[in-house]
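For reference, the structure discussed in these notes is given below.
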Amino acid sequence: MKAPIFFALVLVIGISVSCKKNPATKNDTYGAVRMNIRHSISGNDFVKDTLQYANVAGNRYLISEIQWFLSNVIFEKSDGTLVKSGQSEDIYYVDTDIPENCSVLISNLPVGDYKSIQFTFGLDEITNTSFRFVNPPESFMFWPEYLGGGYHYMKLNGKWLNTNDELAPFNFHLGIGQLSWNKTFNDTDFFDFGLANAYEHCEGFAPPFKLARISQFVQNYFISSQEIEFTIVEQSNTTFSLEMQVDKWFDSDQPFNFDSWGGSIMQQQPAQEMARLNGQKVFRISLIN
Amino acid sequence: MFSRFKYLFLSLFLLFSACTNRQDDVVVFKPTPYSFNIPFPFPTEMNIPADNPMTVEGVKLGRYLFYDGRLSGRTQPDSMMCCATCHIQSNNFEAGINHPIFHGGFVHGINGQQLDHVVLPLVNLVWNFSGYGWNGFLYQENQDENFRSIEDFVRIAVTAQNELMGDTTNVKTLFQQIDGYPELFKQAFGSEVVTFDHIEKAIAQFVRSLVSTDSRFDKYMRGELQLTPSELNGYVLFTTENGADCFHCHGSSGNPLFTTHKFYNNGKDTVFPAQPDRFSVTGDEMDRGAYKAPTLRNVALSAPYMHDGRFKTIDEVIDFYSNGVQLATLIDPLMHHAIRGGVQLTQSEKSDLKAFIVSLQDDSFLSNPYFSKPSSFPDE
């Protein structure tokens, strides 16, 4: 009678071992951070397509959509140790038209006390390589090869009321900038590299540098850093609000006037530089729980 | 001792039995998975419904149905109509301004009633996740499950009064009776019983197989040929804000689909009477006058242009974007050149831009025998 019981036991154990996947190994020394991303104007979430905002330059404007890249998030522990995300690809695409893309989960972070967070607005020169993304929506952010390649750091699209009382479209697009030179190419040049810069196509102010040819590209990404004390708890999410204060792009140290810069700035490096400087005051991180 | 071995063997037998699929007892329907040969950097994610995976047999059947005039449910020569009646391969699976029946590329159905828009090309739709049709009225999240996919588009085209004006019951009954088709349905879907659901699925599979990735520009990007100086100038214009500024909506090397599949009010008009625009789908006032940006692949063959076919040539389209854009209140923000009436190209620039756009023509796609009309139908 013992034999049947013994083999029944073998059978049950055998089935349970052979037909189940091995349970994942638990590691209780890691937690995660969730970033809930907001886009605000004067502290409130912006209301799209409504002409209710004004900048210090006196432009009344509306915002339709914002698409941007957040990357290379680094957390600093209380002892000064820097901790990077354990994820293989530390790049996050944010889109105001895609709610699920406005919440970022960063996992595999060691538990403990921390004192600051930093991230890259856009993509740095190591990361920002053409054809990194082949699938939309990220691939739709490509930055043309002629203008430096890679991807837009941000597309911020809207309209402003110009001096003629027209609701004029603007594309506040940030990415790799271009510097120009005045050297004249030989007639034997294969094709006219200066073609796209040779005419004052853009509305608004047309400064002399638009008439010259590209000689150098400029990395306009920047690192945003904020001191903030928090604790990462094992097997738990610590939640933050990452707020893009949209109005700060226009109202910080370098007041941005749409009437001066017109509706497009991809080929206006001084405007890109203004945005890069203003960008230092654009982001605000606060602990939710 | 014998008893112990008996139980041991019994245990092992039961153990292996518990962990083994006994598929050999069942006749399993296994069509051949269809595989794409997609070059880098085209998207790797494709819009293929889980309930209609692509198979070699499904695409084959879909190709027959796509080209078979009996899809209207009729057999009289003057009443036959099918997908290929309006979607001609040599015209980028669009009607084309040189269409032999539909004057100027404005198509009409069996009853002679003209569509309220020109047809869109059936190219690279396997990468479209943003809805089908000029206003995207067929989209995956639609609460009405009858208006979501290419499969639904097939049913709509077959039954619409101003298209094939068919009846789904008549159509499936007719194909059930045509020699050779039941066997093709069995190969594709496991049953000789013809259903309209399977007709929809087969044609949708064929349409998804219509992929164009081999234009002169694609070859240039792969280093296989050099574009002409004029084409290269056009490429620069195409991809610069200070140039023609086409790339935000129509892609480029980084988005080789040459469309975002999104919907834009591109400044053709300033007033928007009731019409089937994007607003008619979303109810968002900002979408009035907005229509899908079609792909520019093979666009030289896709005249007439715009949703209403108002432009007959690429030159007219370039002229419009150069000097004819109207600053409507609802114009898309990407149309920032509208404040000056357009991108203000010189004649030379227009010529270069056109040269580049024509370089997006994929002749191997336009003559691909796998996409062309079968040499004979199953009953021939």
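If you read the protein sequences in the order shown, they are chains E and Y. When we follow the working numbering, the leftmost residue of the first sequence carries the number 1130, and every step to the right adds one. When we follow the working numbering, the leftmost residue of the second sequence carries the number 2, and every step to the right adds one. The C-beta atom is built at its ideal place from N, Cα and C for all residues, glycine as well.
Are the region 1394-1405 of chain E and the region 1299-1310 of chain E touching, with three or more C-beta to C-beta distances below 8 Å? The region 1394-1405 of chain E, when compared against the region 1299-1310 of chain E, does touch it at the 8 Å Cβ threshold.
In whole angstroms, give me the CA-to-CA distance for residue 273/Y and residue 117/Y. As a working mapping, residue 273/Y is identified with position 272 in the second sequence. As a working mapping, residue 117/Y is identified with position 116 in the second sequence. C-alpha separation (whole angstroms): 15 Å.
Less than 8 Å between the beta carbons of residue 90/Y and residue 372/Y, yes or no? Within the second sequence, numbered from 1, the residue matching residue 90/Y stands at position 89. Within the second sequence, numbered from 1, the residue matching residue 372/Y stands at position 371. The criterion of a C-beta distance shorter than 8 Å is satisfied by residue 90/Y and residue 372/Y.
With DSSP collapsed to three states, give me the class of residue 120/Y. To locate residue 120/Y, count along the second sequence from 1; it is residue 119. Assignment of residue 120/Y by DSSP, reduced to helix, strand and coil, places it in the coil class.
Straight-line CA distance for residue 307/Y to residue 64/Y? As a first step, residue 307/Y is located in the second sequence; it is residue number 306 there, counting from the start. As a first step, residue 64/Y is located in the second sequence; it is residue number 63 there, counting from the start. Taking the straight line joining both Cα atoms gives about 28 Å.
By Cβ distance below 7 Å, which residues in the same chain neighbour residue 98/Y in space, the five residues on each side in sequence not counted? Here residue 98/Y is taken as the residue at index 97 of the second sequence, counted from 1. Once the five neighbours on either side are set aside, the close Cβ partners of residue 98/Y are 105, 106, 304, 305 and 313.
First and last residue of the alpha helix (DSSP H) that includes residue 1243/E? Position 114 of the first sequence, counted from the start, is the residue given in the question as residue 1243/E. Where residue 1243/E is concerned, there is no enclosing alpha helix (DSSP H), although the beta strand (DSSP E) it sits in stretches over 1241-1250.
Taking a Cβ distance cut-off of 9 Å, strictly less, list which residues of the region 26-58 of chain Y are near chain E, in chain order. Within the region 26-58 of chain Y, contact with chain E at the beta-carbon level (separation under 9 Å) is assigned to 41, 42, 43, 44, 45 and 46.
Distance, residue 241/Y Cα to residue 231/Y Cα: Locating residue 231/Y in the second sequence gives position 230, counting from the first residue. Locating residue 241/Y in the second sequence gives position 240, counting from the first residue. Here the C-alpha atom of residue 231/Y lies approximately 16 Å from the C-alpha atom of residue 241/Y.
Figure out for me which residue from 122/Y, 202/Y and 44/Y has the closest Cα to the Cα of residue 300/Y. Position 299 of the second sequence, counted from the first residue, corresponds to residue 300/Y. Answer by Cα proximity: 122/Y.
Assuming residue 1169/E and residue 1374/E are in contact, meaning their beta carbons sit under 8 Å apart, how far apart are those beta carbons, in whole angstroms? For the purposes of this step, residue 1169/E is identified with residue 40 of the first sequence, where counting begins at 1. For the purposes of this step, residue 1374/E is identified with residue 245 of the first sequence, where counting begins at 1. Yes, they are in contact, since the Cβ atoms of residue 1169/E and residue 1374/E sit about 6 Å apart, within 8 Å.
Among 277/Y, 42/Y and 234/Y, which residue has its Cα nearest to the Cα of residue 1267/E? Your numbering for residue 1267/E matches position 138 in the first sequence. Nearest option by C-alpha distance: 42/Y.
Taking residue 1393/E as the query, report the chain Y residues whose CB atoms sit under 7 Å from its CB, ordered along the chain. Within the first sequence, the letter at position 264 stands for residue 1393/E. Residues of chain Y passing the Cβ test: 242 and 337.
In its own chain, which residues sit with a C-beta less than 6 Å from the C-beta of residue 59/Y, not counting the 5 before and 5 after it? On the second sequence, residue 59/Y is found 58 positions in, with the first residue counted as 1. Only 189, 203 and 206 meet the Cβ criterion.
Provide the residue(s) that pair with residue 1221/E in DSSP beta bridges, ordered along the chain. Against the first sequence, residue 1221/E aligns to sequence position 92. BP columns for residue 1221/E point to 1199/E.
Below 7 Å on C-beta distance, what does residue 330/Y contact in chain A? The structure shown has no chain A; the protein chains it does contain are E and Y.
Note down, in chain order, all residues in the region 219-240 of chain Y with a beta-carbon under 7 Å from any beta-carbon belonging to chain E. Within the region 219-240 of chain Y, the residues whose Cβ lies closer than 7 Å to some Cβ of chain E are 230, 233, 234, 237, 238 and 240, listed in chain order.
Taking only the alpha-carbon atoms, compute the straight-line gap between residue 186/Y and residue 138/Y and give it to the nearest angstrom. As a first step, residue 186/Y must be located in the second sequence, where it is residue number 185. As a first step, residue 138/Y must be located in the second sequence, where it is residue number 137. Taking the Cα positions, residue 186/Y is about 29 Å away from residue 138/Y.
Beta-carbon proximity list for residue 341/Y, same chain, < 7 Å, skipping 5 on both sides: If you number the second sequence from 1, residue 341/Y lands on position 340. There are no such residues.
Would you kindly check if the distance between the Cβ of residue 261/Y and the Cβ of residue 252/Y is under 8 Å? If you number the second sequence from 1, residue 252/Y lands on position 251. If you number the second sequence from 1, residue 261/Y lands on position 260. Cβ atoms of residue 252/Y and residue 261/Y: closer than 8 Å.
Could you check which residue in 250/Y, 297/Y and 285/Y has the C-alpha nearest to that of residue 336/Y? By 1-based counting over the second sequence, the position of residue 336/Y is 335. Residue 336/Y has its Cα closest to that of 250/Y, out of 250/Y, 297/Y and 285/Y.
Can you give me the Cβ contacts of residue 229/Y inside the same chain, cut-off strictly under 8 Å, excluding the 5 residues immediately before and after it? Along the second sequence, read from residue 1 onward, the residue named residue 229/Y stands at position 228. 356.
Below 8 Å, how does it come out for the region 1240-1249 of chain E and the region 1352-1368 of chain E: are there three or more Cβ pairs, yes or no? Touching, yes.
Residue range of the alpha helix (DSSP H) that residue 209/Y falls in? Working through the second sequence from its first residue, we reach residue 209/Y at position 208. Taken as a continuous stretch (DSSP letters only), the alpha helix (DSSP H) holding residue 209/Y covers 197-209.
Can you check which of these residues, 222/Y, 55/Y, 288/Y and 278/Y, is closest to residue 257/Y by C-alpha distance? Position 256 of the second sequence holds residue 257/Y. Considering only alpha carbons, the answer is 222/Y.
Whole angstroms is fine: what's the gap from residue 366/Y's alpha carbon to residue 212/Y's? Along the second sequence, read from residue 1 onward, the residue named residue 366/Y stands at position 365. Along the second sequence, read from residue 1 onward, the residue named residue 212/Y stands at position 211. Distance from the CA atom of residue 366/Y to the CA atom of residue 212/Y, rounded to whole angstroms, is 7 Å.
Any contact of the region 152-159 of chain Y with the region 323-337 of chain Y, i.e. 3+ C-beta pairs under 8 Å? The region 152-159 of chain Y vs the region 323-337 of chain Y: no contact.
Please name the residue, chosen from 226/Y, 220/Y, 208/Y and 31/Y, that lies closest to residue 62/Y on a Cα-to-Cα basis. Within the second sequence, numbered from 1, the residue matching residue 62/Y stands at position 61. The shortest C-alpha separation from residue 62/Y is found at 208/Y.
For residue 1257/E, does the three-state DSSP call read helix, strand or coil? Numbered from its first residue, the first sequence carries residue 1257/E at position 128. In the structure shown, residue 1257/E falls within a coil segment according to DSSP collapsed to helix, strand and coil.
Are the region 82-89 of chain Y and the region 46-55 of chain Y touching by the rule of at least three beta carbon pairs closer than 8 Å? No: the two stretches stay apart, fewer than three of their Cβ pairs being nearer than 8 Å.
Residue 150/Y classed as buried or exposed, judged by whether at least 16 other C-beta atoms fall within 10 angstroms: Taking the second sequence and counting its residues from 1, one reaches residue 150/Y at position 149. Residue 150/Y is buried by the Cβ-count criterion.
When 1299/E, 1270/E and 1391/E are compared against residue 1196/E, the one with the closest alpha-carbon: As a working mapping, residue 1196/E is identified with position 67 in the first sequence. When only C-alpha atoms are compared, the closest one is 1270/E.
Are there 16 or more other CB atoms within 10 angstroms of the CB of residue 319/Y, so buried, or fewer, so exposed? Sequence index remark: in the second sequence, residue 319/Y carries index 318 (1-based). Label assigned to residue 319/Y: buried.
Three-state class that DSSP yields for residue 1164/E in the structure shown: Stepping through the first sequence from its first residue, residue 1164/E is reached at position 35. Here residue 1164/E sits in strand by DSSP.
For residue 1170/E, which of helix, strand or coil comes out of DSSP? By 1-based counting over the first sequence, the position of residue 1170/E is 41. DSSP places residue 1170/E in strand when its eight states are reduced to three.
For residue 1414/E and residue 1352/E, believed in contact at Cβ under 8 Å, the rounded distance: One-based indexing of the first sequence puts residue 1352/E at position 223. One-based indexing of the first sequence puts residue 1414/E at position 285. So it is not a contact: roughly 13 Å between Cβ atoms.
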